[in-house]
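Peer 1: Numbering (the working numbering), first residue to last: 1 to 634.
(1) Tell me the DSSP secondary structure of residue 172 in three-state form.
(2) Look up residue 579 in the DSSP assignment and give the residues it is bridged to.
(3) Take the Cβ of residue 525 as the centre, count every other Cβ of all protein chains shown within 10 Å, and call the residue buried at 16 or more, exposed below.
(4) Alpha carbon to alpha carbon, how far is residue 283 from residue 318?
(5) If we count Cβ pairs, one from each stretch, closer than 8 Å, do we get three or more for the region 172–182 versus the region 262–272?
(6) For the region 328–361, list the alpha helix (DSSP H) runs that are entirely contained and at least 4 residues long, ordered along the chain.
(7) Which residues in the same chain as residue 418 place their Cβ atom closer than 8 Å to its Cβ, once the five residues preceding and following it in sequence are excluded?
(8) Would you kindly work out how many angstroms separate the C-alpha atoms of residue 22 and residue 416, rounded to a whole number?
(9) Quick one: residues in its chain with C-beta nearer than 8 Å to the C-beta of residue 82, no 5 flanking neighbours on either side, listed in chain order?
(10) Along the beta strand (DSSP E) that carries residue 421, what are the first and last residues, could you check?
(11) Please list, in chain order, all residues of the same chain as residue 182 whose beta carbon is under 8 Å from its beta carbon, the five residues on each side excluded.
(12) Compute the Euclidean distance between the alpha carbons of residue 89 and residue 74, then round it to the nearest angstrom.
(13) Out of curiosity, what's the CA-to-CA distance linking residue 54 and residue 38?
(14) Is DSSP giving residue 105 helix, strand or coil here?
(15) Report, in whole angstroms, the separation of the C-beta atoms of residue 435 and residue 449, which I expect to be a contact under 8 Å.
(16) Alpha carbon to alpha carbon, how far is residue 501 from residue 139?
(17) Residues bridged to residue 249 by DSSP?
(18) Taking the straight line between their C-alpha atoms, what separation do you get for residue 300 and residue 260?
(19) Is the CB-CB distance between residue 185 and residue 42 below 8 Å?
(20) For residue 386, I'd like the list of residues in its chain whose CB is within less than 6 Å of its CB, leaving aside the five on either flank, ordered along the chain.
(21) In three-state DSSP terms, what is residue 321?
(22) DSSP on residue 626, reduced to helix/strand/coil?
(23) Where does residue 528 land, buried or exposed, given buried means 16+ other C-beta within 10 angstroms?
(24) I need the boundaries of the alpha helix (DSSP H) containing residue 502, first residue and last residue.
(25) Quick one: what's got a C-beta closer than 8 Å to residue 200's C-beta in the same chain, skipping five residues either side?
(26) Starting from the Cα of residue 51, find the closest Cα among 59, 64, 35 and give me that residue.
(27) What does the Cβ neighbour count give for residue 468, buried or exposed, with the cut at 16 atoms within 10 Å?
(28) Just verifying my parser: in three-state terms, what is the DSSP assignment at residue 292?
(29) Closer than 8 Å by C-beta to residue 91: which residues in its own chain qualify, once you throw out the five before and the five after it? Chain order, please.
(30) Alpha carbon to alpha carbon, what distance is there between residue 375 and residue 491?
(31) Quick one: using the 10 Å Cβ neighbour count with 16 as the cut-off for buried, is residue 624 buried or exposed?
(32) When you compare the CB positions of residue 378 and residue 344, do they come within less than 8 Å of one another, or not?
(33) Select from 76, 489, 560, 237 the residue whose C-alpha is nearest the C-alpha of residue 613.
(34) Who are residue 220's beta bridge partners in DSSP?
(35) With 16 as the cutoff for other CB atoms within 10 Å, does residue 209 come out buried or exposed?
(36) Cα separation between residue 17 and residue 25?
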């Protein structure tokens, strides 16, 4: 009886524990079918819940096959990553690298042939999507590249060699909190969901946008200015468009309309939707050239950066990238992508390229610029400070001039991490060609492209609406999610693919050290010369000049390793490494350039008759790790 009672007690006890563990499993709002509202974590002054909405442009449940005619939620992307990891265990590791602000896992894939060596022993590239939550074309490009590499391994010789000899790290979604809210509600932020005081009034997220007409999309509102409003009016209807659909910005006071995003003035400060969910910009939160938020400069005269956060790497999403990369210095190439300019966007962000970059490094970057344009056809490639800031000519206001951007990823990537680092911008708002023949490719051409090739889905006709504060307004304009910010599904794969092919092309240029020969030559007095020769067969050096300067990359080193017992005993040792004469017996070979060959030699004396087994090791931070077993002596 006692035994039975104990057994029943244990069954009930463990059943209780198991039930408690199940209750601790987080049910995220995107997968919670018991509610029609999406709730965001964090304490804020405004509401934290929004009506759920599913977009026809998004795939919420994985299909039998992966296609790119719709966008994919993080859960769908992870479904494929997990499936591939199970299917190809010799090539793929899929793992969690961090937890987001709200506690969601941030996942990453390592792709390399494990049978040919560890991932950290190979030259590597890192590709990341969705740092900005609404810029989801970037995650599709990472997903497309992943699929392309896996499906072509063993079929395409170039890709097979890449995965056999290199490592590709893939993080498709670095901001799962923001992107899930973006894909499941009308909200359209580009930050994380951590509360932030965007307007400096001491309140957090108190004035989000509202879907006033209930169509699931936050469009624009336009109001015909009257009275004193005319002093602020800065929009007119573009006279090239007979339908009156397209708006054009003009200097303040020269317009006929005021334009707002859809919503109300929740905090009654005269501004609309200026403090919605979150607001910190992960692409202003990197440590290189970081500057404080507006209002945090004690002098009031220094540079500040909106969205920078309270301190560098304050956000786990950015911090996880930086700390992971610093612990993986074998990475030479990075692209952490956004939308939508489009542009191959690189450092520097606070100065002209020639002012702050080594000429040798700038030449490599310019080569990569050209390489990128050959795959994508983007209208721009270049640095943030000058090329990006001055790319547009004309329009209202002062002419464009170079402008600094602080705490930017590409600057961390080059100046701090010493790598080739791009922050490419995908999608062009439909501005494919000069459809009206006026010699410019602008927003009107994008509108015409939408009408002619996208079924007009990119714009909502202006529709009258009685606003509670503004009176009669019209709601309409460009679709913010699937036209302004991201490619329409009809052309999604083209944009994802072309960008992915550029990233693949950069990975194919990674440095790669290979042994040419390891030879043992007998000398007099039972001495032997061990000569090691190698070549960097890659198109990149093992270290940029900047990497050498900041010491992120060590010199290439050659070590001759054998049983330590043979080397012990000083002059009485069975084996002596006569040369090099340094105590650590390491040959420091500098940095091997692209296509460069080098040679290093050891001189070894045997004081025993038996031959000695040894291992030659070639260690390069970014060129890879190689070893070769040899026998010294007859």
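All C-beta atoms, glycine included, are put in the ideal place defined by N, C-alpha and C.
Peer 2: The answer reads as follows:
(1) coil
(2) 603
(3) exposed
(4) 8 Å
(5) no
(6) 353–356
(7) 543, 544, 546, 547, 548, 549, 550, 552, 553
(8) Only weak support is given to the placement of residue 22: the predicted model assigns it a pLDDT of 38, under 50, and the value that follows is read from those uncertain coordinates. Cα to Cα, residue 22 sits roughly 44 Å from residue 416.
(9) Sequence-distant partners of residue 82 (beyond 5 residues in either direction) whose C-beta falls short of 8 Å from its own C-beta, in its chain, are 94.
(10) 420–422
(11) 133, 134, 136, 188, 189, 481
(12) 22 Å
(13) 12 Å
(14) strand
(15) 6 Å
(16) 14 Å
(17) 235
(18) 29 Å
(19) no
(20) Correct list, in chain order: 352, 402.
(21) helix
(22) If DSSP states are grouped into helix, strand and coil, residue 626 belongs with the strands.
(23) buried
(24) Counting along the chain, residue 502 sits inside the alpha helix (DSSP H) bounded by residues 489–507.
(25) 294, 295
(26) 35
(27) exposed
(28) coil
(29) 111, 112, 113, 114, 150, 153, 163
(30) Within the model, the alpha-carbon separation for residue 491 versus residue 375 is close to 16 Å.
(31) buried
(32) The answer is yes: Cβ separation under 8 Å.
(33) Here the closest residue by C-alpha is 560.
(34) Partner residues in the beta bridge of residue 220, as assigned by DSSP, are 261, 476.
(35) buried
(36) Any reading at residue 17 is ruled out, since the residue's pLDDT is 45, under 50, leaving its predicted position unreliable.
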